[in-house]
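Take the sequence shown: its position 92, counted from the start at 1, is 96 in the numbering used here, and no numbers get skipped. Reviewing the structure listed below.
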Amino acid sequence: QVQVVESGGGLVQPGGSLRLSCVASGFTFSSYAMSWYRQAPGKERELIATISSPYISTNYADFVKGRFTISRDNAKNTVYLQMNSLKPEDTAVYYCNGQRGFFSYWGQGTQVTVSS
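Next up, the structure:
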């Protein structure tokens, strides 16, 4: 049974930091590209960052470059998103996705709210 579970969301002030985690099971994590997406109210889901495996490479959306960092620990079946210098416009539900070919697995999301 495939499970993808995000955690680490919450309320943070502008300029603050959060670290999201995503633990996956039920598929060969180390052979899947893992991504973080987000969806704000009334907006479409958008790709934030992707990290490939086993050869590690990363890609970021322009709106998070220099602020967010994606990483993974294949031994723990976990992907992380370190978010720094958060802005109110970063408020959204953040989703983790595992992708390989036709296979794509999603988590339920974790809410991130940036507000003073």
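Glycine is no exception: its CB is placed at the ideal position from the N, C-alpha and C atoms. Note that the structure is predicted; figures quoted are calculated from it, not measured.
Taking Cβ to Cβ, would you say leucine 51 is nearer than 7 Å to tyrosine 64?
no
What does alanine 96 pair with, by DSSP beta-bridge criteria?
Val116
Residue range of the beta strand (DSSP E) that includes threonine 32
Judged by DSSP secondary structure, threonine 32 falls outside any beta strand (DSSP E); it is assigned neither H nor E.
Tell me the DSSP bridge mates of alanine 44?
None, per the DSSP bridge assignment.
Between the C-alpha atoms of lysine 80 and cysteine 26, what's the straight-line distance to the nearest angstrom?
10 Å
Rounded C-alpha distance that separates alanine 53 from glutamine 17
22 Å
Count the other CB atoms within 10 Å of the CB of tyrosine 94; is the residue buried (16 or more) or exposed (fewer)?
Looking at the sequence shown, residue 94 is not tyrosine but aspartate. So aspartate 94 ends up on the buried side.
N- and C-terminal bounds of the beta strand (DSSP E) containing phenylalanine 72:
72-77
CA-to-CA distance, glutamine 5 to lysine 69, given in whole angstroms
34 Å
When you compare each of Asp77, Ile60 and Ala44 to glycine 113 by their alpha carbons, which one comes out closest?
Selected option, being the one with the closest Cα: Ala44.
To the nearest angstrom, how far is it from the Cα of isoleucine 74 to the Cα of arginine 23?
When rounded, the distance between both Cα atoms is 10 Å.
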